[in-house]
Every structure is written in structure tokens, then in C-alpha cells.
Amino acid sequence: MTPEDPAGRRPSPGRFVTTRWSVVLSCADAHGDKQKMQKALAELCKIYWRPVFAFIRRQGHSPSDA
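Each residue of the sequence shown is one higher than the last, beginning at 166 in this note's numbering.
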């Protein structure tokens, strides 16, 4: 099991995992708590950077531009 997929299934690289709405809502619900907001945003980036990168690369962009 992983934090991204509590059931233990791992998506293949470049595939989006199920949206972690609790993390998304943590960003929105920070109510001025900068540390809480930064932690939630860092978690979103950790989860989604690879699939976003893969998507941009498939659009024909270079690795440095992606």
C-alpha cells in the first residue's frame, strides 16, 4: 500500500492516480495557515508531477520544457 493508493494498486508511470480530494481540500481550507497550505500543495505536487510531466511530453514538448 502507498499513500497514493491505499488499496496497494500502483498505477503505471504517467497515469493519473485517483484524485485525493482530502489533499485538494486541505489547500483550499488552509484559511491563512501558510504551513498547512504548503504541506498540502507539496503533497499534490508529489502525487501528480509524473503524470503531468508524461502528458506534456506526449504533446511533443522537450523534457526541459515539460
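No residue lacks a Cβ here, since even glycine has one placed at the ideal position from N, Cα and C.
Values in this document were obtained by computation on a predicted structure and should not be read as measured data.
The shortest C-alpha to C-alpha distance from Val188 to any of Gln200, Phe181, Lys204 and Lys199 is the one to Lys204.
When the beta-carbon positions are compared, Val182 and Ile221 stay at least 8 Å from each other. Taken through DSSP and simplified to helix, strand or coil, Pro228 comes out as coil. For Trp214, the closest alpha carbon among the candidates Ala231, His196 and Ala195 is that of Ala231.
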